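Just so you know, we're using numbering that gives the first Met the number 0 here: the sequence shown kicks off at 0 and counts up by one.
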Amino acid sequence: MTYLKEGERLDDLERNGFKIIQDPNKFCFGMDAVLLSGFAQVRKNETALDLGTGTGIIPILLKAKTEGKHFTGLEIQEESADMARRSVGYNGLDKDIDIVTGDIKEASGLFPLSSFDVVTCNPPYMTDCHGLKNPEEPKAIARHEILCTLEDVVREAGRLVRPGGRFYMVHRPFRLVEIFDVMTRYKLEPKRMKLVYPFINKEPNMVLIEAVRGGRSRLKVEAPLIVYKAPGVYTDEIYDIYGY
């Protein structure tokens with residue numbers, strides 16, 4: 000079987016020998032997806048759903064890093080979903096990972112309610128009026144709330160994760176107030192938070208959040224994650240997350 004199409008490449012994930020198919024002219028996964036896969040906890044025999052999975056990076060990494068029983072990725076762009084399915088097949092993970100083409104806004108109509116132990120999402124960070132949009136549609140959809148909003152993501156996650164189940168998301172710190180407000184409205188109580196700093200003396204540019212459906216109000220702010228200890232040199236924690 001031919002897994003690669005014209006313009007695509009096969010990237011080594013440095014985990015369990017897994018590789019992922021990507022098209023550098025479309026959209027390639029970033030550090031945020033890798034950090035989310037290191038922050039999320041999927042326990043033995045649990046099932047997980049990744050909303051807006053793109054080319055399937057988070058389900059594949061979670062399969063490599065956790066003892067979860069089964070993983071599902073939901074992706075609206077068929078071209079990305081097709082790449083994700085081919086990556087799943089290339090890695091021999093067809094029994095472990097399903098890729099479904101569909102809209103996050105309608106996710107609770109595609110899967111049974113309260114049917115996942117864990118839901119993850121690396122959503123678009125920018126509202127439709129924030130910043131400059133990428134003229135290439137796949138990148139614009141990945142970065143801007145064109146096809147779904149923060150509320151869409153949180154609402155559907157709250158419907159699909161079981162009571163007591165966990166929702167993990169990576170986002171931008173400047174939207175934290177909005178994130179907490181939307182989560183609590185949909186009965187997802189923020190329980191863990193980790194801020195990610197590019198350098199120790201810079202402002203954080205990412206935030207990792209765990210919320211529990213129906214959880215009690217108590218938030219643990221974990222030690223910050225620093226990406227670089229010097230220009231171009233990752234910290235030990237980043238190397239550990241990547242598996243180098």
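Just so you know, even glycine gets a beta-carbon here, dropped at the ideal spot from N, CA and C.
Note that the coordinates shown come from a computational prediction; the quantities given were computed from them, not determined experimentally.
Residue 15 and residue 158 have their alpha carbons spaced roughly 32 Å apart. Contact check for residue 98 and residue 55: beta-carbon distance about 6 Å, within the 8 Å limit, so the pair qualifies. Beyond the five residues adjoining it in sequence on each side, residue 240 comes within less than 7 Å, by CB distance, of 33, 34, 37 in the same chain, given in chain order.
Pairing residue 22 with residue 165, the inter-Cα distance amounts to about 31 Å.
Taking a cut-off of 8 Å for Cβ pairs, the stretch 183 to 193 and the stretch 209 to 228 touch, as three or more such pairs fall below it. The stretch 148 to 163 and the stretch 112 to 120 touch, with three or more beta-carbon pairs separated by less than 8 Å. Linking residue 206 to residue 199 through their CA atoms gives a straight-line distance of about 15 Å. Pairing residue 124 with residue 168, the inter-Cα distance amounts to about 11 Å. DSSP, read as helix, strand or coil, puts residue 56 in helix. Annotation for residue 117: 39, 40, 41, 45, 46, 47, 48, 67, 160, 164, 165, 166, 167 place their beta carbon closer than 8 Å to its own, counting only its chain and skipping 5 residues before and after. Taking 8 Å as the cut-off, the Cβ atoms of residue 100 and residue 78 do not count as close.
Note on geometry: alpha-carbon atoms of residue 222 and residue 235 lie some 14 Å from one another. With contacts defined as CB atoms closer than 8 Å, residue 18 and residue 90 qualify as a contacting pair.
The residue from 220, 201, 210 with its alpha-carbon nearest to that of residue 230 is 201.
Annotation for residue 220: 192 place their beta carbon closer than 6 Å to its own, counting only its chain and skipping 5 residues before and after.
In the displayed model, residue 9 falls within a strand according to three-state DSSP.
At the C-beta level, residue 62 and residue 96 come within 8 Å of one another. The beta carbon of residue 106 sits closer than 7 Å to the beta carbons of 50, 73, 155, 159 from its chain, once the five residues preceding and following it are set aside; these are given in chain order. Uninterrupted alpha helix (DSSP H) stretches at least 4 residues long and entirely within the stretch 187 to 242 occur at 235 to 241, given in chain order. Boundaries of the alpha helix (DSSP H) harbouring residue 157: 149 to 159, taken from the DSSP string. Here residue 85 has 2, 20 as same chain residues with Cβ atoms under 7 Å from its own Cβ, once five neighbours each way along the sequence are excluded.
As DSSP reads the structure, residue 165 sits in a beta bridge with 117, 211.
Residue nearest to residue 7 within the set 83, 176, 225 is 83 (criterion: CA-CA distance).
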